[in-house]
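Data block below; observations after.
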Amino acid sequence: MNNFFSPETIKRVIEFHGHQCPGLAVGIRASELCLNKLGHNKDSSLVAICETDMCGVDAIQFLTGCSVGKGNLLFKDHGKMVFTFFRREDGEGFRALLNPDFLEKNRAKMNRLMEVSSNGTATDEEEKQCTAVRSEVETQYLEADLEEMFILDKPQINMPRPAQILQSLNCEICGEKLMESRSRRFSGQTLCIPCFTKVEQKI
């Protein structure tokens, strides 16, 4: 078992997320990278940018102190197992890509079994194999050498600016308030995104 985080801390991460799984383990180890290299939010101002919506994002939020509400946990829907971290004080940062060659065979087997399990075509034996290989991959992630598990590089994006308090506007169709930065102009009116989408559609 990885010993950077205590068993109690990992237990709390699992409780926060709702279950344990290989994806959560990836987030735990990405968080370890961040804390090793940049420190914790209680010591310095961190920013985390996740290019996936997988389970590990919850671990990153719990362990690094970055959160959507504070504006320092950003989600980019790229579908990539990539995590970029910055330290605001000095701009130091790094990009961590889950190494596609790491555990390649086990991950391929796990993905195949999870597919048949999720679509309801798995046999009893395949369900057992699926549970076993998921547990094995999770353990391997938690015990892996971080330099083998992740490919580290310089950030490919600039550090996001700190969250700002912006002016609130009223949508001229629904009347609800919205942030100025999320407003749209159409036919001389200020609209929220849902109302803009309704009137702007060409079909």
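Be aware that the sequence shown starts at 52, since it is given in the working numbering, and climbs by one per residue.
For each residue, glycine too, the CB sits at the ideal point set by N, CA and C.
With 16 other CB atoms within 10 Å as the buried threshold, where does residue i fall?
i, result
"residue 161", "buried"
"residue 212", "exposed"
"residue 82", "buried"
"residue 166", "exposed"
"residue 100", "buried"
"residue 132", "buried"
"residue 68", "buried"
"residue 119", "exposed"
"residue 237", "exposed"
"residue 54", "exposed"
"residue 239", "exposed"
Can you look up residue i in the DSSP assignment and give me helix, strand or coil?
i, result
"residue 105", "coil"
"residue 119", "coil"
"residue 135", "strand"
"residue 157", "helix"
"residue 74", "helix"
"residue 186", "helix"
"residue 230", "strand"
"residue 168", "helix"
"residue 99", "strand"
"residue 201", "strand"
"residue 110", "helix"
"residue 214", "coil"
"residue 60", "helix"
"residue 247", "helix"
Between the Cα of residue i and the Cα atoms of the options, which residue gives the shortest distance?
i, options, result
"residue 310", "130, 157, 192", "One cannot answer for residue 310 here, as it falls past the ends of the chain, which runs 52 to 254."
"residue 202", "145, 251, 227, 235", "145"
"residue 97", "89, 67, 76", "89"
"residue 130", "100, 65, 104", "104"
"residue 115", "95, 198, 209, 127", "95"
"residue 227", "198, 237, 178, 244", "244"
"residue 208", "156, 120, 147", "147"
"residue 102", "238, 206, 62, 214", "206"
"residue 84", "156, 138, 249, 252", "138"
"residue 75", "156, 143, 149", "149"
"residue 63", "110, 174, 143, 180", "110"
"residue 125", "214, 247, 156, 172", "214"
"residue 159", "141, 187, 210, 249", "187"
"residue 87", "143, 122, 216", "143"
If I measure Cβ to Cβ from residue i and keep anything under 6 Å in the same chain, skipping five residues before and after, which residues do I get?
i, result
"residue 234", "220, 241"
"residue 134", "81, 101, 147"
"residue 204", "146"
Pull up the CB-CB distance for residue i and residue j, whole angstroms please, since I reckon it's below 8 Å.
i, j, result
"residue 153", "residue 200", "5 Å"
"residue 198", "residue 218", "With 8 Å as the limit, residue 198 and residue 218 do not qualify as a contact, their Cβ atoms being about 46 Å apart."
Going by beta carbon distance, what residues of the same chain come within less than 7 Å of residue i, once the five residues before and after it are set aside?
i, result
"residue 72", "106, 185, 189"
"residue 182", "none"
"residue 91", "115, 116"
"residue 225", "243, 246"
"residue 112", "118, 124"
Got a sec: is the Cβ-Cβ distance from residue i to anything in chain D below 8 Å?
i, result
"residue 225", "No chain D is present in this structure, which holds just one protein chain."
CB-CB under 8 Å to residue i, same chain, minus the five flanking residues each way: which ones, in chain order?
i, result
"residue 60", "114"
"residue 168", "177, 178, 181"
"residue 157", "184, 187, 188, 191"
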